[in-house]
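In the working numbering, the protein residues as written are 13 to 372.
Even glycine gets a Cβ: it sits at the ideal position worked out from N, Cα and C.
Note that the structure is a prediction, hence the values are computed from the model and not measured.
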Ligand code: 2P0
């Protein structure tokens with residue numbers, strides 16, 4: 013039994029997922045999580061989707077404990093342990109031995125290709141930096157987060173964020189960096205059309221390894237992604253939505269084509285995902301220009317990037333797919349900021365009992 017814990021020392025932070033516009037799908041180092049190519053993403057608004065994480069560090073805890081969405085996690089489970097390794101890395105950096113109680117909550121469907129691991133790990137690394145008194149720069153935090161889950165490093169910044177591939181074998185130059193902040197293009201937004209809340213069948217980690225190892229088409233991917241990334245940065249700077257949309261859809265389709273042609277074939281998109289693609293392409297055709305772009309992560313849910321002035325048309329078009337039962341919810345998100353600390357009132361750790369507050 014743990015002794016009485018001082019809940020005045022709870023630290024709480026909030027962070028958000030990101031949606032990659034140029035995708036990361038393949039590692040060159042499995043352990044350090046070093047990618048084959050740089051990637052770039054938009055951080056979503058915490059008003060729409062967020063992770064809240066509370067941490068208590070105490071010598072009175074006799075073991076690390078981690079609750080996710082109200083359920084205690086098995087830290088001996090391989091997948092959990094791989095991601096939780098960042099706690100050990102940060103504890104070592106801080107030179108402390110105390111155990112941690114972590115309570116984390118997502119307000120979006122976990123493991124449905126909605127980047128919950130990115131949001132969760134970025135928020136955890138951010139709050140541990142405070143709880144352990146480390147004072148690391150956001151760049152350093154992105155290097156730690158990367159080792160928990162690659163895409164997590166991008167959620168440490170707001171706006172348009174690049175995860176640089178880097179070249180060093182120790183990963184010291186493979187970090188995330190803000191390219192444009194969220195104020196650069198405030199009209200830009202992401203409508204997330206939820207077509208499924210099922211847990212994905214193939215975890216990204218195993219899937220991308222399979223693609224790199226087995227797919228002869230993969231050879232052309234890293235250079236193509238780097239080229240597209242620099243084009244995207246340029247058109248984003250000029251706020252050229254027409255070109256941005258082309259690059260976004262091309263990169264999503266290229267990644268999903270590589271998944272499809274992996275052996276054994278990996279298919280994350282479902283019939284409803286294809287209907288969203290048809291709908292957006294039809295809308296762009298009828299408008300005579302691109303007013304929206306679809307992009308998909310390792311899951312069937314569609315992210316529809318558009319501008320606020322076109323949003324009513326996009327939402328109206330999506331009504332058709334709601335009526336047919338293909339889309340059952342749409343979450344609208346602006347482009348958001350990186351994580352931030354919350355006050356004591358937001359603590360998810362109960363004052364009396366050891367564990368999450370009721371309802372978490
Ligand atoms: C991305 N995805 O760039 C791509 C697009 C999914 C499709 O990063 O093994 O959870 O932990 O580094 O980051 C999902 O993979 O994989 C991902 P690990 P991660 O957002």
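Taking C-beta separations shorter than 6 Å and ignoring five residues to either side along the sequence, residue 334 has no partners in its chain. For the options 147, 160 and 111, the alpha carbon positioned closest to that of residue 132 is the one of 160. By the Cβ-count criterion, residue 35 is buried, with 16 or more other Cβ atoms from all chains shown falling within 10 Å of its own Cβ. DSSP lists 204 and 307 as the beta-bridge partner residues of residue 315. A contact between stretches requires three or more CB pairs, one per stretch, nearer than 8 Å, and the region 351–365 meets this requirement with the region 134–150. With fewer than 16 other beta carbons inside 10 angstroms of its own, residue 109 counts as exposed. Straight through space, the alpha carbons of residue 197 and residue 88 are spaced by roughly 44 Å. Going by DSSP, residue 223 is part of the alpha helix (DSSP H) stretching over 216–226. Of the heavy atoms belonging to ligand 1, at least one sits nearer than 8 Å to the Cβ of residue 220. With a threshold of 16 other beta carbon atoms within 10 Å, residue 357 falls short and is exposed. Here residue 175 is near residue 47, since their CB atoms are less than 9 Å apart. Not a single heavy atom of ligand 1 lies less than 8 Å from the C-beta of residue 313.
The shortest CA-to-CA distance from residue 298 to any of 315, 326, 317 and 319 is the one to 326. A Cβ-Cβ separation of about 15 Å leaves residue 307 out of contact with residue 270 under the 8 Å criterion. In this chain, residue 176 is not harboured by any alpha helix (DSSP H), its DSSP state being neither H nor E. With contacts defined by Cβ atoms closer than 9 Å, residue 105 and residue 148 form a contacting pair. Straight-line measurement puts the Cα of residue 76 at about 44 Å from the Cα of residue 249.
Inter-residue distance for residue 258 and residue 278 is about 24 Å (C-alpha atoms, whole angstroms). With distances taken between CA atoms, residue 163 lies nearest to 54 out of 71, 336, 54 and 346.
In the structure shown, residue 22 falls within a coil segment according to DSSP collapsed to helix, strand and coil.
The DSSP-derived three-state label of residue 234 is helix.
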